[in-house]
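Sequential numbering of the sequence shown, starting at 0, is according to numbering that gives the first Met the number 0. First the structure, in the form of structure tokens, and then the observations on it.
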Amino acid sequence: MKNPDRKEIKEVLDNAKTIAVVGLSPNPMRTSYMVSKAMKDAGYRIIPVNPMADEVLGEKSYATLTDIPEPVDIVNVFRRSEFLPSIAEDFLKIDAPVFWTQLNVVDEVVFNRLHGAGYTVIMDRCIKVEHAILK
């Protein structure tokens, strides 16, 4: 498993407009909320994916990726690693170009499957940190 280099990550972030955040909590004290708020403040559209929330960061929340009625540029995952296979299944159905998992969220089988299918896959990296470094 080898993440893209920083140049490619910068291109991903420069070209993206919409980020679906799987596991985005409505609790402002949670990392998923803080990271997503920072990305929203940086100009990205955030689409929450959390079946337990109606709205997060002023945006309608969806139960699953497949419920989102519009194209997504990045799927950013804030769920534990054991959930990645099922999230990857939904990801393949919506055909977003980038699958990104936060720190300590890794599944090598999922990485190889999605990467082998031609998608950009970034695992075990914080999108907020990468964005701050690469601005």
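Ideal placement from N, C-alpha and C gives every residue a C-beta, glycine not left out. None of these values were measured; they are calculated from a predicted model.
Query: Spatial distance of S35 from K6 (CA atoms); Result: 22 Å
Query: Residues near T119 in its chain [Cβ-Cβ closer than 8 Å; skip 5 each side]; Result: P3, E7, V11, P96, V97, F98
Query: Per DSSP, cross-strand counterpart(s) of E54; Result: K59
Query: Collapsed DSSP secondary structure at R44 in the structure displayed; Result: strand
Query: Helix, strand or coil at V109 according to DSSP, with G and I counted as helix; Result: helix
Query: Beta-ladder partner(s) of A19, from DSSP; Result: I46, V74
Query: Rounded straight-line distance, which links the Cα of G117 to that of P84; Result: 17 Å
Query: Rounded distance between the beta-carbons of V109 and D123, thought under 8 Å; Result: Not quite, the Cβ-Cβ distance comes to about 12 Å (not below 8 Å), so this is no contact.
Query: Candidates R78, H114, I86, V128: closest to G22 by CA position; Result: R78
Query: Residues bridged to V104 (per DSSP); Result: Note: V104 sits in no beta bridge, so no partner.
Query: Closest Cα partner of V128 within the set K9, M0, K1; Result: K9
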